[in-house]
Each structure stands twice: as structure tokens, then as C-alpha cells.
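Residue numbers (the numbering used here), protein chains in the order written: chain S, 18 to 472; chain C, 531 to 710; chain R, 5 to 351.
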């Protein structure tokens with residue numbers, strides 16, 4: 018279960034440079050596509066592969082491509098979303114930092130499929146050194162004739178540039194990203210129209226995640242059918258997981274879809290189990306926005322089946338007992354972590370990152386943060402827990418873009434699975450005075466206090 | 531919006547102009563505004579890492595857009611500084627994954643060592659410490675951003691050494707060698 | 005195209021939004037709109053007050069839409085069925101949005117010049133809760149002077165973006181915009197620049213709340229004590245058609261004419277708005293009518309009002325015994341027979 022598609026050559030010395038990348042079979046997909054395939058055949062191949070968007074939503078990439086408006090005759094653009102900012106997620110950075118040419122190759126092949134002549138990679142501003150790496154790699158690709166005019170003598174031109182953001186999580190939302198690329202504030206647009214009809218400068222535009230684009234060269238070289246053979250059901254191929262938190266070996270891993278969560282967590286080849294062998298308390302499998310799973314729902318679903326690393330299995334049970342694969346940001350919590358503090362931390366993040374355009378998100382994220390801050394600091398009231406539940410409920414689904422949902426879900430899941438911890442904070446304020454309150458005295462040891470208390 | 535009254539010497543020299551022109555060449559000729567974010571980064575880097583209103587007006591003039599369009603953007607994105615900051619800005623990530631691995635303690639340690647609070651600058655103008663949201667280094671926590679680069683797997687000792695290096699003038703914020 | 009809103013069917017042109025269709029039907033089904041403004045391109049979608057439930061997508065694709073939709077930016081489809089006031093989800097969402105808009109909004113209606121013609125007041129009246137659940141300190145902004153004609157009161161702003169669009173679409177040099185982000189977003193010029201443009205005054209009219217008010221009218225009058233008249237003058241800059249807000253023979257304020265959704269019929273220039281406060285400058289057409297439940301009708305002059313004459317005898321002010329009895333001050337208890345007389349009304 019260890020096919021390497023994206024990270025196959027990640028450890029080859031000098032793979033960052035064009036020459037080494039080319040010697041290792043780089044840019045073959047461009048040759049194959051441009052010389053032997055029509056753009057529509059490339060799209061079909063990606064459709065066959067079953068590749069789903071790796072940015073979080075999991076929408077089939079090939080289908081997204083087929084929506085692009087070719088009839089209007091307007092110039093089309095492919096924009097790579099490298100504005101990776103979801104807490105817990107750092108896989109795209111790994112790809113771009115270590116194998117920049119893989120993304121560039123993917124961009125060329127994908128731009129060919131979509132019929133674009135001007136494409137961009139939008140990278141978050143904080144990844145400034147990666148921006149420079151990509152700039153350098155793009156220059157090398159121009160010099161070697163993979164970009165520019167009349168590529169491989171086919172008459173097809175492509176310009177590719179890297180554009181940097183400047184610190185705004187919201188620019189990972191595709192229409193906010195487009196606004197930002199136009200030199201504006203990152204306010205998400207009202208949809209419809211969708212970018213496939215009217216995106217960058219009102220031209221038809223496709224926005225894809227770095228990992229999705231980087232999978233395209235392999236799919237073209239080895240066929241979509243081969244890609245679809247890897248994985249389980251509708252979760253095909255390999256997926257990068259960014260692992261952080263209380264595990265022995267945090268980092269970026271490429272695994273076949275369908276591995277069990279148990280194997281991924283506990284085998285020495287991957288995470289190697291819990292840091293300092295402390296008990297596992299919770300897991301966020303797909304980045305900060307997706308619901309946290311309590312320990313009894315991590316390795317098994319509510320129905321008692323093995324939880325697998327797939328879109329479907331991680332979501333099994335809906336939000337009541339499941340979560341979501343999201344962007345693959347795998348955050349592990351041991352018993353010293355405070356769920357209330359962690360939820361407050363996320364709320365602060367979403368409050369800080371809300372663009373402020375629509376009322377439920379602008380006002381609601383700030384409100385949630387204030388209430389959670391009060392509870393975490395010993396000033397919570399019993400009714401605050403229900404108030405929080407009500408605020409998140411009122412944000413969810415009522416906003417322009419998914420940031421509102423992303424802010425609401427972690428709060429909902431924390432209350433759903435860890436309500437007693439909130440009650441403990443409200444009822445025993447003197448016990449949670451220090452921010453590391455569960456380090457000396459994990460919640461399991463004091464849990465009985467909450468049960469005894471009659472309110 | 532924060533408006534600083536501090537004076538800033540504006541110097542758009544030949545090298546910077548050339549770089550701006552290069553960035554502008556990445557966009558269609560009638561879409562100069564699109565270059566705003568990258569241009570602001572370059573201009574800020576060349577001006578002690580902050581953007582006065584006068585400098586923002588200058589950028590508006592270069593791109594042929596209204597000054598308010600620049601103010602709107604500068605105040606939206608966190609990486610643009612609207613007032614003078616320390617030469618070395620330590621931006622500690624304090625979002626969940628880093629917090630789990632001791633980022634808050636480490637930031638407190640750094641602040642105490644430098645004798646400042648979070649968000650403040652040392653009186654000599656050398657150091658600023660700020661807490662920021664997720665920088666995408668969750669697996670390498672705790673970490674901080676300094677200039678164009680990340681410093682990861684931090685410990686108190688590493689922070690000490692970093693501060694010493696800064697004081698000794700050994701740290702170049704924008705031209706650290708990229709290891710191949 | 006046929007669309008049904010709360011069971012009422014209407015035929016509309018393709019490209020019509022749900023909100024526009026609802027306005028054609030009128031009545032209770034019309035969703036409230038705090039940010040949408042039909043005369044401003046690109047407005048709408050932000051405040052989320054006008055969310056509706058689409059229970060049937062169209063004839064071709066009858067599936068219901070899973071999320072509530074912003075009716076102001078959602079186009080109708082043939083056969084679409086929409087629930088506005090008849091949906092519990094919708095009513096709940098409106099209550100939610102109202103609560104969100106109010107948590108940081110100051111409680112200064114008693115001294116706000118917009119009071120009486122404020123969309124947020126109307127929204128709270130309809131969908132607001134009696135009690136606040138927000139116990140934190142409200143967000144405030146530093147005051148900013150944006151010139152001698154327009155008063156900016158940022159604490160009241162709900163960030164509808166209408167004024168920014170007005171400046172973009174009506175004037176040639178926008179100097180104000182939305183700065184900062186999240187719940188610290190604010191309308192500002194950044195550098196306290198005076199907003200001075202022939203059409204800048206329209207920002208006041210499009211503002212749904214008291215964030216932008218007329219400085220020349222500041223604290224002059226409660227709007228319901230003014231008598232609004234339609235009037236016009238020959239103007240080379242704008243249509244010259246306005247509403248004059250009179251107190252006696254004094255013009256206290258000039259605005260554009262607003263329709264039942266509080267949208268201006270036509271934008272007016274600053275000269276008409278600010279520089280012609282002499283009734284002789286205007287041709288007064290007659291009283292301006294307002295919707296039935298508007299507080300402005302409190303001062304209804306369209307029907308004859310009987311003058312009330314209060315007759316006061318001079319001596320009453322001297323405190324005569326018989327007058328004291330009339331008002332029966334408890335400090336001066338009446339004797340039993342006096343009380344009898346008083347009861348019978350024979351004073």
C-alpha cells in the first residue's frame with residue numbers, strides 16, 4: 018500500500034533543478050499530451066482517473082474541467098490554488114518546495130487540456146521562499162522550451178506565472194483567490210456565476226489545488242484507468258496527509274486511499290503511534306474545519322467497521338459520528354490537550370480570517386470567539402454552551418462562502434463530543450486557571466466531578 | 531486603519547523599478563492592478579518592511595489606480611505593515627497545532643527575554659514579536675517566520691541562538707541561500 | 005417564466021431575481037433587504053436578510069436547493085417554488101441575521117437622525133428579539149471626519165457596501181472604501197479626506213442605517229415631525245426631483261424621492277440637496293405619501309386636523325383653592341363632602 022505518485026522522486030538529490038527532474042522522467046506527460054492527445058482526451062483521462070479535488074471539497078477534477086466555458090471564445094485561465102492556509106495542512110508546500118517542476122509540469126499539461134494560454138500559481142505570501150523556488154523553476158522551464166510560444170512546435174502558447182498573496186486564509190476560497198489575483202481585497206464573490214463561466218477578469222477559469230494538478234502528469238503517463246485502480250471505490254489514487262500534533266512522527270505522507278486509520282496512526286512506517294505513548298483523545302482528520310472525532314470513533318465507525326483513509330469512510334456517520342477527509346490535515350490530540358482551549362484557538366483563527374463581507378460570519382465568528390474565550394478563562398456561564406451551539410447553528414449555511422461553515426463545524430463537533438469538558442470549565446473555573454490545566458491533571462482524572470455536579 | 535505619522539524615505543530605485551516592471555509583465559497590459567500584491571511586497575521589502583500612506587500613494591501612481599484601492603488592499607492583508615516595525619520581526623504561529631507543541635510558552639519566553647509584550651517592538655527598534663495564525667508548518671512546530679523564511683522545530687536554545695545571530699548581523703531577511 | 009412565492013404565482017421575465025419577483029407580488033412575502041439596491045450594480049448578497057427557501061428548483065430540475073438562497077442575487081427558473089415568510093427556516097434565518105446585525109450595533113436610536121426611517125429599526129421590529137444574548141462589550145470605531153456635508157458614524161454601519169458602490173458608479177473619483185477586514189472592517193477614507201463630489205450626497209440616501217447622515221440636518225428634527233413634500237427645480241446636474249422635509253416654512257432637509265423599498269427613484273446632486281434650503285427655490289408639488297405603517301405618517305397632514313385650543317384662565321396660575329380641588333393633589337386631602345361633590349363632578 019505504498020504507491021508513490023507525487024513523492025516518487027522527492028528524495029532524489031537535486032530534483033529541484035530542471036536537469037535532474039528531466040533525467041528522472043520529468044515533462045514526459047507534456048510530450049505525450051501535446052504530441053499524441055487532443056485536449057479533450059486529456060480531460061477524459063483525468064475523468065477516468067476519478068481524481069477528486071485535493072483542496073478540501075473533493076469535487077471530481079475532470080468534471081470541474083468539463084464545465085469550463087469554451088463556447089464564448091473568451092481566453093481561459095487555469096489558476097493553481099497554492100494558498101494553503103488550513104490549520105493542520107502543509108502538504109502543498111512540501112510538494113512545491115521539494116519538487117517544484119512536478120507542479121509546473123502538471124500546470125502545462127492541465128492548461129493544454131483546458132485550452133489556456135495564460136495560467137497562474139497563486140501561492141500564499143508567507144511561503145516567500147517557495148515563491149522564489151517556483152519563480153526559478155518557471156524560468157528554467159521557459160529556457161527549456163516547455164513554456165512560452167509554440168511549445169514543442171505544436172503552435173500552442175502558454176505563459177505561466179507565480180503570484181503571491183499577502184496573508185489571508187480566505188484567499189483559499191476560489192473566488193476570493195481570483196479577486197486577490199485581480200489586485201483586490203479577498204472578498205469571495207457571489208455565485209453564480211461560477212468561475213468556469215466568469216472567473217479571472219471575467220474569463221472562464223478553473224481553480225485547482227496543488228496536489229490535484231501534481232497528480233495529472235502521472236495520470237497522463239500511466240492512464241487514468243491505472244490511477245483509478247489505486248484506492249477504494251470513489252476514493253481513487255494516492256493522497257498526501259499532513260500530520261501534526263501529538264504523534265511520534267509528524268510530517269507529510271503519501272498513502273494509497275483505503276489504508277486503515279489504525280495502520281496509518283500506529284505503524285512505524287507512518288506516524289509511529291502517540292508521542293510519549295500518552296492516550297489518544299481526539300483526531301481531526303481533514304484540517305481545522307472538519308469535525309473532531311473522539312477516541313472511540315477514530316479507528317472504528319459507529320457501525321463498528323474499520324475507519325479507512327477515504328472520503329467515504331472518514332465521513333461515515335455524517336457529522337453525528339463521522340468527520341471528513343477535507344484537505345488531509347491530520348491533527349492528533351492526546352489527553353493533555355484541552356478541547357475547549359483548542360476550539361477557542363480555532364475560533365480565534367476564523368474570527369481573524371473572516372473577510373467581513375456577510376453578516377453571519379463577520380459578527381458570528383467574533384461572538385463565538387468571545388464566548389469561548391470566556392469559558393476557557395473561567396468566566397463561562399452554564400447557558401453559554403447552548404448559546405455557542407445556537408450561534409454556530411445560525412452561521413452554518415447562511416454565509417456567502419464556506420468559511421462560515423468551517424468556523425461553525427469545529428465548535429459544533431467539540432460541543433457534540435466533549436460537552437462535559439465545557440461543563441467542567443464552567444463549573445470549576447479555579448481548576449482551569451493555567452492554560453496547561455490538563456497537562457498535570459488530564460480530563461479523564463477529573464471527569465467524575467462533572468457527573469456529580471447537579472445543576 | 532492604522533495611520534502612522536512616522537516619516538518614511540521613499541526610494542524607488544532602478545533595481546526596484548526593474549523588478550516592478552518584471553512583475554507587471556506577468557499580467558495583460560490592461561490589468562496592471564493585478565500586480566498590486568506582488569508589487570507591494572517588493573516595495574515594502576525595500577522600505578524597512580512597512581508601507582506609509584505616501585508610499586502607498588506612490589504604488590497607486592505606478593499602477594495607475596486610485597489610492598483608496600491600495601489602502602483597501604493593504605489594510606486587508608496581514609503581511610503589509612502600516613507602521614514601522616522592528617528590523618527582525620519574529621512571527622510566531624500560535625494556531626492549534628503549534629499551540630499543542632508549546633508555541634505559546636515559547637512566545638512568552640521570547641517576549642520575556644526581549645523585555646517586550648506580544649505586538650511590541652524593542653526600544654532599539656531591532657526586534658518585534660507578534661503572534662500570527664497558521665503558517666502551514668504544523669508538523670514542524672513550534673515555529674516562527676523571520677523575513678522570507680521559516681524557523682522550525684524551535685526550542686528555547688534555538689530562539690536564543692537566533693536572537694544572537696540577529697544581533698550579530700548574521701541574518702539576511704531576504705537572501706538566505708536556498709538549499710538545493 | 006413562472007415562479008411561485010409563498011403559494012402566489014407570477015410570470016416574470018428571464019433574468020429576474022427572486023426578490024424582484026417577490027416585490028412584484030408585494031405584501032408579506034417580500035424579503036427584507038439591507039444591502040441589495042436595485043439601482044446599484046453588483047449590490048446584494050452580503051447582509052443575508054433576504055434568504056429564502058427554494059423548495060423546488062425548477063420544472064426541469066425540481067430538486068429543492070439544500071441551502072437557503074439570497075433572494076436578491078438568485079435568478080428565478082421556470083417552475084421554481086419559493087418559500088419566504090411561509091418557511092420556518094427562513095423566519096429563523098432572518099431572526100439570526102437580525103441578531104447578528106444588532107450585537108455590535110449601538111443602542112443610540114433615541115439620538116440617531118435615521119430613527120424613524122431606518123431599515124435596521126424596521127428589521128428589528130419585525131424579526132428582533134426582546135432580549136440580547138450578547139454580554140460582551142460592543143465594538144467601536146474612532147470617529148472620522150469626512151467633510152462638512154456628510155456625517156460618518158461607523159459604529160452604526162452594517163457594511164452593506166452601498167455607499168462604496170454609489171461612489172464607484174456615480175462619481176469619477178472614489179476616495180472612501182472598506183478598510184481592514186472581518187469585524188473590524190470599516191468605511192473610511194483612511195486619511196480623513198473630505199468626500200467632496202457633486203453626487204456624494206447620495207451616499208446618505210442609500211445608507212440603510214444611520215451610518216451616513218446629512219450633517220446640515222444633524223439633530224435638527226425627528227423625521228416624523230417633518231412634513232415631506234415632493235418638489236422640483238430646474239437643475240443642470242440632476243433630475244431636480246426631490247422630497248423637501250419641512251418644519252413650518254423652513255426646509256430642514258432635502259433628499260431624493262424614495263420608493264416603498266426606501267430606494268431613491270432618481271439620484272440627485274449635492275447642490276439640490278445641500279444648497280437650496282429656501283422654499284422659493286422650489287416648485288412644491290404636494291405632500292409625499294408614505295407606506296401606511298411608516299412612523300412618518302404620525303404627522304399626517306393629508307387629513308384635516310382640528311386645532312386644539314387650550315383655554316387657561318389667568319387666575320388658575322395663582323393656585324386657587326377650587327383649582328387645587330380640580331386636580332386633587334394628594335397633599336391636600338379633600339373633606340368627605342368635598343370628595344362627594346368631586347365624585348359627582350359638580351366641582
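Backbone N, C-alpha and C define an ideal beta-carbon position, used for all residues, glycine too.
Taking 7 Å as the Cβ-Cβ cut-off, the region 365-380 of chain S approaches chain C at 366, 369, 370, given in chain order. Those residues of the region 159-191 of chain R placed with their C-beta closer than 8 Å to a C-beta in chain C are 177, 178, 179, 180, 181, 182, 183, 184, 185, 190, ordered along the chain. Boundaries for residue 547 of chain C: no beta strand (DSSP E) harbours it, while the alpha helix (DSSP H) harbouring it runs 544-554, taken from the DSSP string.
In the pairwise beta carbon analysis, the region 425-440 of chain S is classified as not touching the region 175-190 of chain R: fewer than three pairs are separated by under 8 Å.
For residue 352 of chain S and residue 463 of chain S, the gap between their C-alpha atoms comes out near 12 Å. The Cβ atoms of residue 115 of chain R and residue 55 of chain R lie no closer than 9 Å to each other. Using a Cβ-Cβ distance cut-off of 8 Å, the region 152-167 of chain R and the region 40-55 of chain R are in contact, since at least three pairs of beta carbons, one from each stretch, lie closer than that value.
Under the 8 Å Cβ criterion, the region 18-37 of chain S does not count as touching the region 208-222 of chain S, having fewer than three qualifying pairs. With contacts defined by Cβ atoms closer than 9 Å, residue 663 of chain C and residue 625 of chain C form a contacting pair. Under the Cβ distance rule, residue 636 of chain C does not count among the residues neighbouring chain S, no pair being separated by less than 9 Å. Within a 10 Å sphere around the beta-carbon of residue 536 of chain C sit fewer than 16 other beta-carbons, which makes this residue exposed.
Taking a beta-carbon distance threshold of 9 Å, residue 383 of chain S counts as an interface residue toward chain R. Between residue 678 of chain C and residue 146 of chain S, the beta carbon gap of about 5 Å places them in contact (Cβ cut-off 8 Å).
Residue environment: residue 613 of chain C is assigned as exposed (fewer than 16 neighbouring CB atoms within 10 Å of its CB, all protein chains considered). Across the structure, residue 577 of chain C and residue 390 of chain S are spaced so that their CA atoms are roughly 37 Å apart. Under the three-state reduction of DSSP output, residue 657 of chain C falls in the strand class. For residue 316 of chain S, no CB of chain C lies under 9 Å from its own CB, so it is not counted at the interface with that chain. Check the Cα spacing between residue 690 of chain C and each of C:601, C:636, C:648, C:562: the tightest is with C:636. For residue 138 of chain R, the three-state secondary structure derived from DSSP is coil. Look at the region 418-463 of chain S and you find these whole runs of alpha helix (DSSP H), each 4 residues long or longer: 420-444, 454-457.
When the alpha-carbon of residue 106 of chain R is set against those of R:213, R:22, R:67, R:76, the nearest one is in R:213. By the neighbour-count criterion, in which 16 or more other beta carbons inside 10 Å mark a residue as buried, residue 139 of chain R falls on the exposed side. Under the DSSP assignment, residue 102 of chain R falls in the alpha helix (DSSP H) whose first and last residues are 92-107. Per DSSP, the unbroken beta strand (DSSP E) holding residue 86 of chain R starts and ends at 84-87.
Here the alpha carbon of residue 125 of chain R sits roughly 13 Å from the alpha carbon of residue 211 of chain R. Chain S has no Cβ within less than 9 Å of the Cβ of residue 618 of chain C. If you look at residue 300 of chain R, you'll find it isn't in any alpha helix (DSSP H); DSSP assigns it neither H nor E. Here DSSP, grouped into helix, strand and coil, assigns residue 65 of chain S to helix. Under the three-state reduction of DSSP, residue 187 of chain S is assigned to helix. Apart from the 5 residues on each side of it in sequence, residue 648 of chain C sits with its Cβ closer than 7 Å to the Cβ of 637, 641, 659, 660, 661 in its chain, given in chain order. Fully enclosed beta strand (DSSP E) runs of no fewer than 3 residues occupy 55-60 of the region 23-86 of chain R, in order along the chain. DSSP places residue 27 of chain S outside any beta strand (DSSP E), giving it a letter other than H or E. For residue 229 of chain R, the closest alpha carbon among the candidates R:301, R:266, R:159, R:9 is that of R:301. Residue-level contact check: residue 200 of chain S touches chain C, since one or more beta carbons of chain C fall below 9 Å from its beta carbon.
Excluding its 5 nearest sequence neighbours in each direction, residue 163 of chain S has C-beta neighbours in its own chain below 7 Å: 44, 47, 125, listed in chain order. The DSSP assignment places 154-156, 181-183, 190-192, 216-218, 231-236 as complete runs of the beta strand (DSSP E) inside the region 154-238 of chain R, in order along the chain (cut-off: 3 residues).
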